[in-house]
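Following: one structure in structure tokens, then a few remarks.
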């Protein structure tokens, strides 16, 4: 099964696991599109394009003021009021990392007149950093670290939030579980992790054939020592940082266009949500 077909099937499985009364299903372009197609097919809810993405506004569009950043994200991603207004909207995306992007998306949909916004994610909650080439946040920045799904939903301002199950995601690929890396969901790393001084973009490069040895100087964010491939190592997980100098993580595309309100750390939104004072771990 191809990557595209797997993502469509993840959307179908997401719909089986998480039914929703809604008027339209829209993707967060472009990564959420295949799963949104699958969700719409399985649920019978009409598929629509609720966002127009401008590919010509790149990451170089960085503006200093909040007003101009607000304009920036609208130039990059624009909610279509004619499609959204008065509708109960299911929004399908591939993942939530910090929650900043999803908070901005929910805000834009409400401003466009959505009657309700229901976020569906075609991967399990991301709770652990990636050390194999994707530049995730440190674990302390991951919104799913220490927060319930309901708390995350409140933090991003959605009416509801649902994730696909780990089994559902794996079954959608038709690949044996042992052939897939699920470390960012489970904390079980398939390759033993070295110390922090060797974590970085050269982590998986061979050094016995003339390759470069990773340099601690190139890793300003690496502060915690990691020596095992499991979460059960007795260390404070909040101090663990992900790989540096790697490919951007899922939230990276719109990061420099978010407003100051959107950039408030998602964990703080959870901590200040109603009833959050009852959960000391957040």
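Residue numbers (the numbering used here): 105 to 386.
The C-beta atom is built at its ideal place from N, Cα and C for all residues, glycine as well.
On a predicted model such as this, the values are computed, not experimentally measured, just so you know.
DSSP-derived helix/strand/coil call for residue i
i	result
residue 224	strand
residue 267	strand
residue 295	coil
residue 132	coil
residue 238	strand
residue 81	Residue 81 falls outside the range modelled here, since the chain spans only 105 to 386, and no answer is possible.
residue 181	strand
residue 156	strand
residue 230	coil
residue 124	coil
residue 106	coil
residue 275	helix
residue 312	In this predicted model, residue 312 has a pLDDT of only 49, less than 50, meaning its place in the structure is not dependable enough to derive any value.
residue 219	coil
residue 200	coil
residue 112	helix
residue 188	helix
residue 246	coil
Burial state of residue i (16 or more Cβ within 10 Å)
i	result
residue 158	exposed
residue 137	buried
residue 279	exposed
residue 237	exposed
residue 272	buried
residue 282	exposed
residue 285	exposed
residue 156	exposed
residue 458	Nothing about residue 458 can be read from this structure; the chain reaches only from 105 to 386.
residue 83	Here the chain covers residues 105 to 386 and nothing more, so residue 83 does not appear.
residue 295	exposed
residue 108	exposed
residue 106	exposed
residue 148	exposed
residue 125	exposed
residue 233	buried
Contact check, residue i vs residue j, beta carbons under 8 Å
i	j	result
residue 209	residue 248	no
residue 225	residue 268	yes
residue 143	residue 184	no
residue 152	residue 192	no
residue 217	residue 190	yes
residue 256	residue 203	yes
residue 230	residue 213	no
residue 110	residue 276	yes
Alpha helix (DSSP H) segment containing residue i, residue limits
i	result
residue 213	204-215
residue 254	253-260
Residue i: first and last residue of the uninterrupted beta strand (DSSP E) it sits in
i	result
residue 192	192-197
Any chain C beta carbon closer than 8 Å to residue i
i	result
residue 209	Of the chains in the structure shown, none is chain C; there is only one protein chain.
Residue i - partner residues in DSSP beta bridges
i	result
residue 151	129
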